[in-house]
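Peer 1: This structure is in C-alpha cells; I'll ask about it shortly.
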Amino acid sequence: MNIFTNFDLLTVGVAIAGIGILGFAIYFNDRKSVTNQTFLFFSLVTIAWGVVNYVSYQFTSPLATLWLFRLIMFFALFQAFFLYRLFLVFPKTEVIFSRRYKYILFPVVFITALVTLTPLVFSSTVGEVVVGEVAQVTKGPGLLLFAMVAVGLVIRGIYLLIKRTKKATTDEKKPFQIILFGTLITFALIIVFNFVLPAFLSNTRFIPLGAVFIFPFIAFTAYAIYKHKLFNIKVIATASLTFVLAVVTLLEVVLAEDLSLIVFRSSVFLLVLAIGVSLIRSVLKEVEAREKIQVLAKELEVANEKLKAADMAKSEFLSIAAHQLRTPLTAIKGYISMFLEGDYGKFTKQQTTELESIFRSADRLTRLIDVFLNVSRIETGRLDIKKEPVQFMEIVEAVTKDLAQVVAKKGLKLTIQPPSEPLPLIMMDRDKIHDVTMNLVDNAIKYTPAGWVNIRIARSPSLLTFSVQDSGMGISAQDIDKLFQKFTRAEAVTRVHTGGSGLGLFIAKKIVEAHGGRIWIESEGEGKGSLFTYTLPIMPNPPAEVPTKAVEAGKDKV
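Here's what the structure looks like:
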C-alpha cells in the first residue's frame with residue numbers, strides 16, 4: 058500500500074477533517090442559530106456521503122456494493138437539501154419555516170430519499186465487482202426523480218445565495234461572494250463528475266474523487282471566515298491546528314502497510330478529530346465568556362456613571378434640603394434665646410427648663426444639618442477651605458474648655474501635653490480644624506466609661522501632629538479599616554451609644570486631607586483604648602492674609 062494507490066483515502070480523510078472541523082466550529086460559535094445548526098447538518102451528511110462513497114468500491118460483494126451505491130444517492134439527496142436549507146436561512150439566527158417548506162418540500166425530499174434506497178434507482182450490479190474499481194449498476198426510473206429533486210435543490214439554493222449577495226450590505230457582500238464562488242465550483246464538479254457522467258455516460262472513473270470536489274466549498278468558506286474575521290482569531294488558530302494535525306495523522310494511515318497499523322493509525326486520526334472538535338468548543342466557550350465579561354464591564358461602567366449622577370443629584374438635594382431646614386431652625390433658636398434672656402418677660406423654673414431643652418434639641422439638629430451640609434459639599438467638590446494664620450493651641454484650649462463639664466461629670470482624667478517648643482502661626486481653616494479636633498476629643502470622652510484621656514501636640518520643622526489617646530472601649534481590627542467611610546461606626550460603639558450619624562470621621566478625614574494632612578486610628582483591640590492622630594503641614598512665614606480657596610474633596614469617591 059502506498060500514497061498513490063490510496064490517494065482516494067487521503068482525499069476522503071482530508072475532506073472529512075475539513076468539513077467536520079468547520080461544521081463543528083461554526084455550530085459551537087452559536088448553537089442556537091438555525092444557520093449554524095443547518096451548516097452542521099450539511100457537514101455531517103457530507104461526511105457520511107464521502108465515507109460511503111469511498112467504502113462503495115472496497116467490497117467484492119454485489120449486494121453490499123449495491124446498497125452502498127443507494128446510500129450514496131440517499132446522502133447526496135440530503136446534502137442537496139441541507140445546502141438549499143442553508144442558503145434559505147443564511148445568515149439568520151431564527152427562522153419560521155413556511156407551510157410550503159413543511160408540508161410540500163420536506164415530504165417530497167423524504168419520499169425521494171426513500172426511493173433512492175429501492176430498486177427504482179439502482180436495481181442490481183452489472184458484471185464482476187472488484188475491490189478498488191467502481192462497479193457498474195443497473196439504473197432505474199427513480200434516478201430521474203432523484204435528479205430533478207437534488208439538482209433542483211442545489212440550483213435553488215445557489216439562486217437564494219446569489220439573491221442574498223445582491224441585497225447584502227457592503228460589509229456583508231465580500232464574504233457572501235467568496236462563499237458563493239466556492240459553492241458554485243464544488244457543486245458544478247459534483248453534478249458533472251459524480252452524477253451526469255456516471256448516470257448518463259456510464260463514466261465512473263471520477264467517482265472516487267467525490268471528496269476532492271468538496272474542497273473548494275471548504276476552502277472558500279474557511280477563507281471568508283478568516284479574511285472577514287467572522288470568528289475570533291484564537292478559534293481560527295485552533296481549527297487550523299486541528300486540521301493540520303488531522304492531515305498529518307491521515308498521511309500516517311495512507312503510508313501504513315500493515316492492517317493492524319492501519320487500524321491503529323485510523324483510530325488515532327479519529328481521536329485527533331474528536332479532541333480537536335472538543336478543543337474548538339472549549340476555545341469558543343472561553344471567547345464567549347470573555348465577550349460576556351466585556352459586555353458586563355461596559356454595562357457596569359454605564360451603571361456606575363448613572364450611580365454617580367444619581368449620587369450627585371442626591372447630594373444636591375441633601376444640600377438644598379439642609380439649607381431649607383437650617384433657616385427656620387436659626388429662627389427657632391433665636392426666639393428661644395430671647396425667651397431665656399427675658400426679652401418677653403419672666404418664666405417659671407419649669408418653663409425655663411423646658412425652653413432650655415428645646416434650645417438644646419434645636420442646637421443638636423442644627424449641628425446634624427451642618428454635618429449633612431459638609432457631606433454634600435465634599436461629594437460635590439465644593440468644600441471651601443478658608444485658610445488664615447492660626448495659633449493652634451487656641452483651638453485645643455477652646456475644645457477642652459467646651460468639654461470640661463462632660464469630663465468632670467464622667468470623672469475622667471484629661472491631660473494635655475503641649476509641644477516642647479511654641480508653635481508658629483499655622484495656615485488653616487480655623488472653624489473646620491476646630492470641628493475635627495472637637496470630634497476626636499469628644500469621641501474619646503464619650504467612649505471612655507472610666508479612666509483617662511490624653512491630648513498630645515507635637516511638631517517637626519514641617520509638620521504639626523495632634524493626637525488624642527484614651528483608655529476606653531477600643532476598636533477591633535476589622536472596624537479600623539472602615540471607620541472613615543460614610544455612615545460607618547464601630548460595632549462595639551453601636552452597642553453602647555445608639556446615636557450618631559457615622560459621618561464625623563468621614564468629614565474629619567476629608568477636611569484634614571484638604572489641608573494636605575493625614576489622619577489615622579490605632580487600637581490594640583476592643584477594651585484596650587484607642588489613639589486618633591492627624592497631621593497638618595506647617596508653612597514657614599505664613600502671610601497675614603490668605604485668599605479663600607475652594608478645595609475639591611471627595612474625588613476618590615466611587
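In terms of this note's numbering, the sequence shown opens at residue 58 and continues consecutively. We treat Cβ as the ideally placed atom computed from N, Cα and C, and that holds for glycine. For clarity, every value in this text was computed on a predicted model and none was experimentally measured.
1. Can you tell which of Asp459, Asp427, Phe396, Asp400 has its C-alpha closest to the C-alpha of leucine 412?
2. Taking its Cβ as the centre, do 16 or more other Cβ atoms sit within 10 Å of asparagine 1, making it buried, or is it exposed?
3. Run through DSSP, which three-state label would methionine 205 get?
4. According to DSSP, arginine 575 sits in a beta bridge with which residue or residues?
5. Please tell me whether valine 510 and leucine 469 are closer than 8 Å, where the distance is taken between their beta carbons.
6. Would arginine 142 be called buried (16 or more neighbouring beta carbons within 10 Å of its own) or exposed?
7. Compare the C-alpha of glycine 508 against each of Thr278, Leu520, Lys467, Arg487 and name the closest.
8. Which residue from Thr92, Gln408, Lys89, Leu97 puts its Cα closest to that of isoleucine 73?
9. According to the Cβ coordinates, are threonine 182 and leucine 123 closer than 8 Å?
10. Is the number of C-beta pairs between the segment 527–536 and the segment 443–452 that are closer than 8 Å three or more?
11. So does the segment 173–180 actually touch the segment 130–141, counting three or more Cβ pairs closer than 8 Å?
12. Per the DSSP calculation, glutamine 474 is bridged to which residue(s)?
13. Assign tyrosine 111 to one of two classes, buried (16 or more other C-beta atoms within 10 Å of its C-beta) or exposed (fewer than that).
14. Is the segment 188–208 in contact with the segment 113–123, if contact means three or more CB pairs nearer than 8 Å?
15. Going straight from the alpha carbon of threonine 103 to that of alanine 346, what length do you get?
16. Go through the segment 143–219 residue by residue and report every complete run of the alpha helix (DSSP H) that reaches 4 residues or more, in order.
17. Between the segment 512–530 and the segment 562–570, do three or more beta carbon pairs fall short of 8 Å?
18. Assuming lysine 230 and threonine 222 make a contact with CB atoms under 8 Å, what is their CB distance in whole Å?
19. With a threshold of 8 Å, are at least 3 pairs of Cβ atoms found where one atom belongs to the segment 162–172 and the other to the segment 144–151?
20. Rounded C-beta distance between valine 178 and leucine 200? I'm assuming under 8 Å.
21. Buried or exposed: which applies to alanine 419, given that a residue is buried once 16 or more other Cβ atoms fall within 10 Å of its Cβ?
22. Which residues in the same chain have their Cβ closer than 8 Å to the Cβ of glycine 584, if we skip the five residues on either side of it in sequence?
23. Just verifying my parser: in three-state terms, what is the DSSP assignment at isoleucine 247?
24. For isoleucine 242, which residues in the same chain have their Cβ closer than 7 Å to its Cβ, ignoring the five residues on either side in sequence?
25. Within this structure, are the beta carbons of threonine 590 and glycine 574 separated by less than 8 Å?
26. So, is glycine 6 buried or exposed, given that buried needs 16 or more other C-beta atoms within 10 angstroms?
27. Would leucine 217 and phenylalanine 99 qualify as a contact pair, given that the criterion is a beta-carbon distance under 8 Å?
28. Taking the beta carbon of leucine 328 as the centre, do at least 16 other beta carbons fall within 10 Å, making it buried, or is it exposed?
29. Is any heavy atom of the ligand COA found at a distance shorter than 7 Å from the C-beta of lysine 443?
30. By Cβ distance below 6 Å, which residues in the same chain neighbour serine 90 in space, the five residues on each side in sequence not counted?
31. Going by alpha carbons, who is nearest to glutamate 581 out of Phe563, Ser528, Pro198?
32. Where proline 481 and proline 594 are concerned, what is the direct C-alpha to C-alpha distance, given to the nearest angstrom?
33. What beta strand (DSSP E) runs, 3 residues minimum, are completely inside the segment 452–508?
34. Of the choices Val456, Ile483, Glu478, Ala137, whose alpha-carbon is the least far from that of threonine 472?
35. What do you reckon, are the CB atoms on valine 269 and threonine 92 nearer than 8 Å?
36. Could you pull out every residue in the same chain whose Cβ sits closer than 8 Å to the Cβ of isoleucine 275, ignoring the five residues on either side in sequence?
Peer 2: In short, the structure shows the following:
1. Phe396
2. Since the first and last residues shown for the chain are 58 and 615, residue 1 lies out of range.
3. helix
4. The partner list for arginine 575 (beta bridge, DSSP) reads Thr592.
5. yes
6. buried
7. Lys467
8. Leu97
9. yes
10. no
11. Of all C-beta pairs linking the segment 173–180 to the segment 130–141, three or more are shorter than 8 Å, placing the two stretches in contact.
12. Arg513
13. buried
14. Taking a contact to require three or more Cβ pairs closer than 8 Å, the segment 188–208 and the segment 113–123 qualify as touching.
15. 31 Å
16. 163–173
17. no
18. 6 Å
19. When Cβ pairs closer than 8 Å are counted between the two stretches, the segment 162–172 is seen not to touch the segment 144–151, the count staying below three.
20. 5 Å
21. buried
22. So the qualifying residues of the chain are Met530, Gly531.
23. Here isoleucine 247 sits in helix by DSSP.
24. Pro273
25. Cβ distance not < 8 Å, so threonine 590 and glycine 574 don't count as in contact.
26. Residue 6 is absent from the structure shown; the chain starts at 58 and stops at 615.
27. No, the Cβ-Cβ distance between leucine 217 and phenylalanine 99 is not below 8 Å.
28. Taking all protein chains in view, the Cβ of leucine 328 is surrounded by fewer than 16 other Cβ atoms within 10 Å, so the residue is classified as exposed.
29. The ligand COA is absent from the structure shown, which contains no ligand whatsoever.
30. Thr150
31. Ser528
32. 12 Å
33. List check, beta strand (DSSP E) in window: 470–474, 483–485.
34. Val456
35. no
36. Ala72, Gly75, Ile76, Leu79, Gly239
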